[in-house]
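Note that the working numbering has the sequence shown beginning at 29, numbered continuously upward. Have a look at the structure below, then the notes.
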Amino acid sequence: MDFWREILLPALSNALNSVVLLLPRLLAAFLILLIGWVIGRIVDGILCRLLRRLGVNQLAERAGIANLLKNAGFQRDFSFLLGKLVFWSLLLLFLLSAAETLELDALAQTIQNAVAFIPNLLAVVFILLFGSLFARLLSQMVRGAASEAGLEFADGLGRMVYYLTMVVVGIMAVSQLKIQSHVLDIAFAAILGALGLAVAITLGLGTRHIASNVISGIYARKIFLPGQRVQWGELQGELVQVGNINALLKTREGVVSIPNRLLTEEVTHIVSEAREEN
C-alpha cells in the first residue's frame with residue numbers, strides 16, 4: 029500500500045496531468061495540419077488549372093522537359109508537378125507551425141531548413157524550364173544558319189550547341205542548390221572540356237574539305253579564267269567562274285559544279301583561251 033500510495037499514484041497522476049496539458053496542443057496541431065492540407069489542395073487545383081490555361085504544358089514540351097519526365101516514368105503533365113510542389117511547400121509551412129505548437133524544437137528547426145530551401149528548388153525548376161527552351165531555340169538557330177551556309181554537319185552542330193547550352197543551364201541550376209563540392213566542380217570542368225574538344229574535332233573534320241576547296245580556289249583563279257574552254261576528265265566546256273568553293277563549267281549537257289580541289293589536283297586541260305571582247 030505504501031508503494032502504491034507514495035510512488036505509483038504520484039507517477040500516474042503526473043503522467044495524466046501531462047496528457048491533459050498536452051491534449052490542447054495536440055488538438056491545435058491536428059487542426060493546423062488539417063487546415064494546411066485543405067488550403068494546399070485548393071491552391072493545388074487552382075494552380076494546375078491556371079498553368080494549363082497559360083500553356084505551361086506546351087512550353088514544357090517545347091523545352092523537352094515533358095519527354096524527360098515521361099522517360100523517367102512520370103505520367104502526369106508538368107502543371108501537375110508544379111501544383112504538387114506548391115502543395116507540399118504549403119503543407120511544410122503548416123507542419124512547421126504544428127511542430128512549434130507542440131514545442132518540438134528539433135523537428136521545427138529541420139522543417140524550417142527545408143522551407144528555406146523551397147525558393148532555391150523553385151529557381152531550379154524555372155532555370156531548367158526556360159534554359160531548356162533557350163537551348164532548343166539556340167540549337168535551331170545555329171542549325172538553320174549552318175544549313176543556309178551549306179555546311180554538311182549542320183545537324184551535328186545544332187545538337188552540339190544544344191548539349192553545351194544544357195550543361196551551362198545544369199551548372200546554373202545546381203548552383204541554386206548551394207552544393208559546395210570540389211568534386212562537382214571538377215566534374216563540370218571535365219564535361220565542359222570534353223564538349224569543347226568534341227566541338228573542335230567536329231568543326232575540324234567538318235570544315236576540312238571546305239578549307240581545302242577555298243585554298244585551292246585561290247590558286248585556281250590564277251590559272252583558269254572565265255571564258256576558257258577546259259577539259260576536266262571526260263567533261264569539256266566553257267569555264268563560267270571559279271568561286272570560293274567550286275568552279276562552274278558550262279557543257280552541252282548543262283552547267284557542272286567542280287570542287288576547286290579537284291580542279292587543281294587532277295589534270296585539267298585548257299583547250300582554248302577566253303575570247304576577247306571587242
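In this text, a Cβ means the ideal position worked out from N, Cα and C, and glycines have one as well.
Hey, out of G172, L192, L150, whose CA is closest to S203's CA?
Looking at the Cα atoms, L150 is the closest of the given residues.
Using the rule of at least 16 other Cβ atoms within 10 Å of the residue's Cβ for burial, across every protein chain shown, is L96 buried or exposed?
The residue is exposed, with fewer than 16 neighbouring Cβ atoms inside 10 Å.
Terminal residues of the beta strand (DSSP E) in which Q264 lies
263-270
Determine the DSSP secondary structure at Q259, reduced to helix, strand or coil.
Reduced to three states, the DSSP call for Q259 is strand.
Other residues of its chain near I67: CB distance less than 7 Å, five sequence neighbours each side excluded
L118
Reference Y191, options A182, R164, M169, closest by Cα
R164
Alpha carbon to alpha carbon, how far is L276 from N306? Give it in angstroms, no decimals.
Legend: pLDDT at N306 = 44, less than 50; position of this residue unreliable, no value from coordinates given.
Within its chain, find whatever has a CB closer than 8 Å to the CB of A94; leave out the 5 residues flanking it on each side and keep chain order.
N85, A88, D105, F106
Please confirm whether V71 and F108 have their CB atoms less than 8 Å apart.
No, Cβ-Cβ distance for V71 and F108 is not below 8 Å.
Candidates N99, L185, K206, of which the one nearest R171 by Cα
L185
Does the Cβ-Cβ distance between K98 and N148 come in under 8 Å?
For the 8 Å CB-CB criterion, K98 and N148 do not form a contact.
Helix, strand or coil for T292, going by three-state DSSP, please let me know.
Residue state, collapsed to three classes: helix.
Identify whether I273 lies in helix, strand or coil by the three-state DSSP scheme.
coil
Please determine, among E294, A248, V152, the residue with the shortest C-alpha to C-alpha distance to G261.
E294
F252 and L267 look like a contact to me (Cβ under 8 Å); what is the Cβ gap, rounded to whole Å?
6 Å
Between which two residues does the beta strand (DSSP E) holding P287 run?
283-287
In or out: M169 buried (at least 16 other Cβ within 10 Å) or exposed?
Classification for M169: exposed.
Boundaries of the alpha helix (DSSP H) in which T129 is found, first to last residue
In this chain, the alpha helix (DSSP H) harbouring T129 covers 106-129.
State the start and end residues of the unbroken alpha helix (DSSP H) segment that holds G186.
182-204
Could you tell me if I60 is buried or exposed, where buried requires 16 or more neighbouring beta carbons within 10 angstroms of its beta carbon?
Buried is the call here.
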